[in-house]
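K.L.:
All the letters of the sequence shown, read from the start, carry residue numbers 7 to 229 under our numbering.
By construction, the Cβ of each residue, glycine as well, lies at the ideal position given by its N, Cα and C atoms.
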Amino acid sequence: MRTTVESGMLKRNGALVPVFAQTTTYISMNDEDLFEPIDTERTHLRCPRCTDAATIAGLMTPGVSRWLAAWPLATTEQVAVAKILQAREEIAAGQALHFLIERQVDQAVMGWIRVSRAETEAKMGDLGYWLNEAYHHYGYTTEATITAVTAAFERLNLDSVEGGAQVENVASFAVMQRIGMEPQGERIVWASARNRQELCIFYSVTRDQFVQLQIDQLSGKKL
């Protein structure tokens, strides 16, 4: 069984209902997936599996890694397995949602998106995402991010979600702005991928702001 999300609203029997009316059914830890996948218009978001490791390692190019704090350029298959296992542990503990992003038309794996509880505040989510360059400039990141944040607000019971990016990462800021996030200032972040501190600009959105934006955008489509 799958859940379909459109513009932050849930589609049931052809009708759109408020997003937080969704009920979530988690699958047993003994099964391959830890939660039900979610389909958007063009993407398929599912639980990462260890069998994805080689594909994920192949997607981690210099142009992708340069923007990521915790994904090194030397992401081998073994490194990818470790990240997948950590992600699955966080999902099972209710501390995060990690999604592999697939393109629906051909099931190509495009990248990864996650929302995890902030270390200092359990009701705040920390957003991170990446797509291989071959899938940039098509709107896939925004489409997947809306859906992932929608799921995180509901499944992790968050009050807000924040995300940060290096000051030069204009494309990432554009995604955050499209989903209603607003700038909150600069912070220094430890980038383990490069073993150094980096200046980042952070954005955030509250649950109420996010839901209202999805309602407004949906209303605009109907006009």
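1. Let me check understanding here. Comparing Cα to Cα, which of Glu160, Ile207, Ala88 and Asn201 lies closest to Arg193?
2. May I have the straight-line CA-CA distance separating His50 from Ile62, to the nearest angstrom?
3. Does DSSP put Val85 in a helix, in a strand, or in coil?
4. Alpha carbons only, please: which of Met130, Glu139, Tyr146 and Gln223 is nearest the one belonging to Ile107?
5. Do Ala158 and Val121 come within 7 Å of each other at the CB atom, strictly closer than that value?
6. Do you know whose CA, among Thr148, Ala93 and Ala124, lies nearest Gln183's CA?
7. In the DSSP output, what is Leu205 paired with across the bridge?
8. Classify Asp132 as helix, strand or coil using the three-state DSSP reduction.
9. Helix or strand or just coil, what does DSSP make of Ile44?
10. Give the C-beta separation of Trp73 and Asn175 to the nearest angstrom, bearing in mind that I take them to be a contact with Cβ-Cβ under 8 Å.
11. Look at the alpha carbon of Gln203 and the alpha carbon of Ser225, and state the distance between them as a whole number of angstroms.
12. In terms of alpha-carbon separation, which member of Ala128, Cys53 and Arg200 lies closest to His104?
13. Whole angstroms is fine: what's the gap from Thr212's alpha carbon to Gly191's?
14. Bridge partners of Pro189, per DSSP?
15. Look at the alpha carbon of Ala75 and the alpha carbon of Gln172, and state the distance between them as a whole number of angstroms.
16. Between Pro189 and Gln110, what straight-line distance do the alpha-carbon atoms span, to the nearest angstrom?
17. Suppose you measure from the CA of Ala124 to the CA of Gln113; what does that come to, to the nearest Å?
18. Leaving aside the five residues before and after Ala93 along the sequence, list all residues of the same chain whose C-beta is less than 8 Å from its C-beta, in chain order.
19. Express the C-alpha separation of Glu127 and Gly186 in angstroms, rounding to a whole number.
P.N.:
In short:
1. For the purposes of this step, residue 193 is taken as residue 187 along the sequence shown, with counting starting at 1. When only C-alpha atoms are compared, the closest one is Ile207.
2. To locate residue 50, count along the sequence shown from 1; it is residue 44. To locate residue 62, count along the sequence shown from 1; it is residue 56. If you take the alpha carbons of His50 and Ile62, they lie about 16 Å apart.
3. Here residue 85 is taken as the residue at index 79 of the sequence shown, counted from 1. DSSP places Val85 in helix when its eight states are reduced to three.
4. Counted from its first residue, the sequence shown places residue 107 at position 101. When only C-alpha atoms are compared, the closest one is Tyr146.
5. By 1-based counting over the sequence shown, the position of residue 121 is 115. By 1-based counting over the sequence shown, the position of residue 158 is 152. Yes, they are a contact pair.
6. Looking up residue 183 in the sequence shown gives position 177. Per the Cα distances, Thr148.
7. One-based indexing of the sequence shown puts residue 205 at position 199. Paired residues: Ile194.
8. As a first step, residue 132 is located in the sequence shown; it is residue number 126 there, counting from the start. Residue state, collapsed to three classes: strand.
9. What you label residue 44 is simply residue 38 of the sequence shown in a count that begins at 1. Note: Ile44 maps to strand in three-state DSSP.
10. As a first step, residue 73 must be located in the sequence shown, where it is residue number 67. As a first step, residue 175 must be located in the sequence shown, where it is residue number 169. Yes, Trp73 and Asn175 are in contact; Cβ-Cβ is about 5 Å, under 8 Å.
11. Position 197 of the sequence shown, counted from the start, is the residue given in the question as residue 203. Position 219 of the sequence shown, counted from the start, is the residue given in the question as residue 225. So the two alpha carbons sit approximately 43 Å from each other.
12. Stepping through the sequence shown from its first residue, residue 104 is reached at position 98. Residue Cys53 is the option with its Cα nearest to His104.
13. On the sequence shown, residue 212 is found 206 positions in, with the first residue counted as 1. On the sequence shown, residue 191 is found 185 positions in, with the first residue counted as 1. When rounded, the distance between both Cα atoms is 16 Å.
14. The count along the sequence shown starts at 1 and reaches residue 189 at position 183. Looking at the DSSP assignment, Pro189 forms a beta bridge with Tyr209.
15. Stepping through the sequence shown from its first residue, residue 75 is reached at position 69. Stepping through the sequence shown from its first residue, residue 172 is reached at position 166. Distance between the alpha carbons of Ala75 and Gln172 is about 9 Å.
16. Numbered from its first residue, the sequence shown carries residue 189 at position 183. Numbered from its first residue, the sequence shown carries residue 110 at position 104. Rounded to the nearest angstrom, the two C-alpha atoms are 32 Å apart.
17. Residue 124 sits at position 118 when you count from the first residue of the sequence shown. Residue 113 sits at position 107 when you count from the first residue of the sequence shown. Taking the straight line joining both Cα atoms gives about 31 Å.
18. Here residue 93 refers to the residue found at position 87 when the sequence shown is read from its first residue. Within the same chain, Ala93 has close Cβ partners Pro54, Ala102, His104 and Arg120.
19. Here residue 186 corresponds to residue number 180 of the sequence shown, with the count starting at 1. Here residue 127 corresponds to residue number 121 of the sequence shown, with the count starting at 1. Looking at the two C-alpha atoms, the distance is approximately 21 Å.
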